[in-house]
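Engineer:
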Amino acid sequence: MKKLMTGDEAIARGVFEAGVKFAAAYPGTPSTEILENLLEIDRKYLFAEWAPNEKVALESAIGASVAGARSFASMKHVGLNVAADPFFTAAYSGVNGGLVIVSADEPGQFSSQNEQDNRNMAKAAFVPMFEPSDSEDCRVMVKEAYELSEKYDAPILIRMTTRVCHSKGLVEIGERKEVGIKKWEKNPQKYVMVPANAKVRKQLIFKRFEELKEYSNNCKWNFIEYNDTKIGVIASGDCYLYAQEVFGKEASYLKVGFSNPLPDKLFKEFAEKVDKIYVIEENDPIMEQHIKALGIECHGKDIFPSYGEMIPEVIREAVYGKKIEPDEEVKEIMINRAPTFCAGCPHRGFFYTLGKRKNIMISGDIGCYTLSAGDPYKAMDMTLCMGASVSMGHGAAQVFSMDECEQDMKVVSVLGDSTFFHSGITSLIDVVYNNSSAVTCILDNRITGMTGQQQNPGTGFTAQGEISTEVDIEALVRAIGVKNVRRINPNNLDEVNEAFDWALALDEPSVIITWWPCALKKQSEEDKKNFPGSFKDKFQVDEDKCIGCRKCTKTGCPAISFKTEIKKSSIDPNKCVGCSVCAQVCPVGAIGKVVK
Numbered sequence: 001m002k003k004l005m006t007g008d009e010a011i012a013r014g015v016f017e018a019g020v021k022f023a024a025a026y027p028g029t030p031s032t033e034i035l036e037n038l039l040e041i042d043r044k045y046l047f048a049e050w051a052p053n054e055k056v057a058l059e060s061a062i063g064a065s066v067a068g069a070r071s072f073a074s075m076k077h078v079g080l081n082v083a084a085d086p087f088f089t090a091a092y093s094g095v096n097g098g099l100v101i102v103s104a105d106e107p108g109q110f111s112s113q114n115e116q117d118n119r120n121m122a123k124a125a126f127v128p129m130f131e132p133s134d135s136e137d138c139r140v141m142v143k144e145a146y147e148l149s150e151k152y153d154a155p156i157l158i159r160m161t162t163r164v165c166h167s168k169g170l171v172e173i174g175e176r177k178e179v180g181i182k183k184w185e186k187n188p189q190k191y192v193m194v195p196a197n198a199k200v201r202k203q204l205i206f207k208r209f210e211e212l213k214e215y216s217n218n219c220k221w222n223f224i225e226y227n228d229t230k231i232g233v234i235a236s237g238d239c240y241l242y243a244q245e246v247f248g249k250e251a252s253y254l255k256v257g258f259s260n261p262l263p264d265k266l267f268k269e270f271a272e273k274v275d276k277i278y279v280i281e282e283n284d285p286i287m288e289q290h291i292k293a294l295g296i297e298c299h300g301k302d303i304f305p306s307y308g309e310m311i312p313e314v315i316r317e318a319v320y321g322k323k324i325e326p327d328e329e330v331k332e333i334m335i336n337r338a339p340t341f342c343a344g345c346p347h348r349g350f351f352y353t354l355g356k357r358k359n360i361m362i363s364g365d366i367g368c369y370t371l372s373a374g375d376p377y378k379a380m381d382m383t384l385c386m387g388a389s390v391s392m393g394h395g396a397a398q399v400f401s402m403d404e405c406e407q408d409m410k411v412v413s414v415l416g417d418s419t420f421f422h423s424g425i426t427s428l429i430d431v432v433y434n435n436s437s438a439v440t441c442i443l444d445n446r447i448t449g450m451t452g453q454q455q456n457p458g459t460g461f462t463a464q465g466e467i468s469t470e471v472d473i474e475a476l477v478r479a480i481g482v483k484n485v486r487r488i489n490p491n492n493l494d495e496v497n498e499a500f501d502w503a504l505a506l507d508e509p510s511v512i513i514t515w516w517p518c519a520l521k522k523q524s525e526e527d528k529k530n531f532p533g534s535f536k537d538k539f540q541v542d543e544d545k546c547i548g549c550r551k552c553t554k555t556g557c558p559a560i561s562f563k564t565e566i567k568k569s570s571i572d573p574n575k576c577v578g579c580s581v582c583a584q585v586c587p588v589g590a591i592g593k594v595v596k
């Protein structure tokens, strides 16, 4: 039987069919849907869970592997940076039950802070790697990866990209292979990576890599398709499909599906048969440099861009100089819309207020709230990576407090609840330990919002929806030594302003916790008790009172528009969820609740 599946769904299917028993992940586009699909599998077959961050997810999977079960971890590309410590050393210790890790890279940077190519991570760590091109590749490569992991005693990386993760293709549904839990036996020489043991394991890594070179040259994932031999294309992942769309039968292809180590013999064999070689790969010239080092002439980044997606339009323009212009009719109906907070987002009132403060540096983080950097808030001055807002803010605050610093500035660090648990907590410990005066704001919207409503340690529910121990953020920050803590309703602008006045006047660490659920969240019974009446009201504009000052539109709420013909504001009742921020900023009281 065949089913239409995304690459993420197919990875989950492959994990199930491979007999995996434990999976962990931290949500991150474009990898999030892998674990979400694994969560739908009966727990008698497979246990899946969200971890506080990618390092914890991978370490959990490594522990499950050592205990003898086939195990799995997935993350987006920057997540592998967080998990780099266990990733590199797991290559030394190897596995007991098979271990597979997915890195979902994002050429083109649609929702990420950088565009790194994690083929570099596999190469640097000496971790064998697969690169699927479509959904069926995803399913079968996962299954093969577990066989390889156990045969060569190595963790295996599967590198996906956005288009492979989210594009759909037909997948052949297979049966689950039941794989028992292997017996765990004490073996500190293998699993305790002190230098004396690690030195021995490093030698085994090189021996394993030499054996895998033979596998790479002879496996079914690396193969040649001969057509016209005037052009030869070497490509991996989705680039193989893009190239086929451009060249068709007018080129021959060497598809690389297993790409670490690379298949040297196949490269040389292919080069002898074709006249001109194009190496098409997204981001870094990893295959191109390797092929040139073998003495083979080829074209790569001398004609193709070093960044962005290598989609057919890009390849066609680079090789033939042909640029396809968008259809005129399509161009006319396309409207550029800047990303913005949802109507009723609890972050709106907070950033509306914070952005009006003077002499404040705002240190931001990764999440929905990064949208505050743009109009109309302009309430974020720096953002780097998960959890960095607090530690960057700490560093800046230390400089601003120096006698020689001539700037009278305060620092406010902002991050979400899930990000706080991910890695913000260690930064806050740094703030406390080193006596910083930075203000830390934890925006607790009761869910991991940006990636699609995943549970986290602060929500009180597991990934399976079971009631769990909820980590109390206020109690936690007090426990690590923060004496000044306030929890506020971010929709109450007076309360937000008062909290800022209080925190900014302090000369020691302080934490403001905003507490209001995400407007998109399906409310739990606990939410209904904690936030009675939330999202029940709607607001409207009294046009007789409205003076057309547009202050309400400056809150950035997508439910509010301005009728230029009559110079009055208007609220779309289908979008309004009653946060009341617009009513609070209106200077003439023209906005009020809809009376039922």
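Mapping to full-length UniProt numbering: the sequence shown position 10 is 10, numbers consecutive. Note that beta-carbon positions come from the ideal geometry of N, C-alpha and C, so glycine has one too. As the structure is a computational prediction, the values presented were derived from the model and not from experiment.
1. Could you give the distance in angstroms between the alpha-carbon of L241 and the alpha-carbon of T440?
2. Can you tell me whether V171 is helix, strand or coil according to DSSP?
3. First and last residue of the beta strand (DSSP E) that includes M5?
4. Quick test of the definition: if touching needs 3 or more C-beta pairs under 8 Å, does the segment 255-266 touch the segment 213-220?
5. On the premise that G589 lies in contact with K545, defined as a C-beta separation below 8 Å, what is that separation, rounded to the nearest angstrom?
6. Within the same chain, show all residues whose beta-carbon is closer than 8 Å to that of E250, passing over the 5 residues directly before and after it, in chain order.
7. Which complete alpha helix (DSSP H) runs does the segment 223-287 hold, if anything under 4 residues is left out?
8. Can we count Q289 as close to the ligand ZN, meaning its CB is less than 7 Å from some heavy atom?
9. Out of curiosity, what's the CA-to-CA distance linking S71 and H166?
10. If you draw a straight line from the C-alpha of I512 to the C-alpha of A438, how long is it?
11. Thinking just about the alpha-carbon of each residue, which of L371, G344, I366 and G367 is nearest to the one in A355?
12. Just grab the DSSP bridge partners of residue 621 for me.
13. Within a Cβ cutoff of 6 Å, which residues of the same chain sit near A519, ignoring the five residues on either side of it in sequence?
14. Check whether the segment 86-98 touches the segment 138-149, taking contact to mean three or more Cβ pairs, one atom from each stretch, closer than 8 Å.
15. Check each candidate in C239, L262 and E297 and name the one with the smallest Cα separation from E282.
16. Hey, could you find the ends of the alpha helix (DSSP H) M141 is sitting in?
17. Label A475 either buried or exposed according to how many other C-beta atoms from any shown protein chain fall within 10 Å of its C-beta, with 16 as the threshold for buried.
18. Does R486 come out as helix, strand or coil in the three-state DSSP assignment?
19. Using 8 Å as the Cβ pair cut-off and three pairs as the minimum, do the segment 113-125 and the segment 166-185 touch?
20. When DSSP labels each residue in this structure, what does K190 get in the three-state scheme?
21. For E178 and G19, which I take to be in contact (beta-carbon distance under 8 Å), what is that distance rounded to the nearest angstrom?
22. Hey, M386 and T419 are a contact pair by Cβ (cut 8 Å); roughly how many whole angstroms apart?
23. Return the bridge partner residues of Q454 from the DSSP annotation.
24. What distance in whole Å lies between the Cβ atoms of V496 and V485, which are believed to be in contact at a cut-off of 8 Å?
25. Please state if the CB of P107 and the CB of T162 are separated by a distance shorter than 8 Å.
26. State the beta-bridge partners of W515 as determined by DSSP.
27. Would you report the Cα separation of A69 and V164, rounded to the nearest angstrom?
28. Quick check on K255: buried or exposed, where buried means 16 or more other Cβ atoms within 10 Å of its Cβ?
29. Does the segment 443-460 come close enough to the segment 394-405 to have 3 or more Cβ pairs within less than 8 Å?
30. In this structure, what does DSSP give as the bridge partners for L99?
31. By a C-beta neighbour count over all protein chains shown, 10 Å radius and 16 as the cutoff for buried, is Y253 buried or exposed?
32. Quick one: which unbroken alpha helix (DSSP H) runs of 4-plus residues sit fully inside the segment 363-429? Chain order, please.
33. By DSSP, does L39 sit in helix, in strand, or in coil?
34. Excluding sequence positions up to five away, which residues of its chain have a Cβ less than 8 Å from the Cβ of A51?
35. What residue from A198, A125, D8 and S561 has the CA that sits closest to S135's CA?
36. Considering just the uninterrupted stretch of the alpha helix (DSSP H) at G349, what are its terminal residues?
Structural biologist: Result, derived from the coordinates:
1. 47 Å
2. strand
3. K2 to T6
4. Taking 8 Å as the limit for Cβ pairs, the verdict is that the segment 213-220 does touch the segment 255-266.
5. 6 Å
6. N227, D228, K230 and I231
7. 238-247 and 264-273
8. Judged by which ligands are present, the structure shown has none, so any question about the ligand ZN falls away.
9. 23 Å
10. About 11 Å.
11. This sequence places Gly at residue 355; Ala is not what is there. G355 has its Cα closest to that of L371, out of L371, G344, I366 and G367.
12. The first residue shown for the chain is 1 and the last is 596, placing residue 621 beyond what the model contains.
13. C342, G344, C345 and V577
14. yes
15. C239
16. S135 to Y152
17. exposed
18. DSSP places R486 in strand when its eight states are reduced to three.
19. no
20. helix
21. 6 Å
22. 6 Å
23. T448
24. In fact, because the Cβ distance is near 15 Å, the residues do not count as touching under 8 Å.
25. yes
26. D444
27. The alpha-carbon atoms of A69 and V164 are separated by roughly 27 Å.
28. Buried.
29. The answer is no - the segment 394-405 does not touch the segment 443-460, with fewer than three Cβ pairs under 8 Å.
30. S71
31. buried
32. 388-400
33. coil
34. A24, A25, Y26, A57 and S60
35. For S135, the nearest C-alpha among the options comes from D8.
36. H347 to L354
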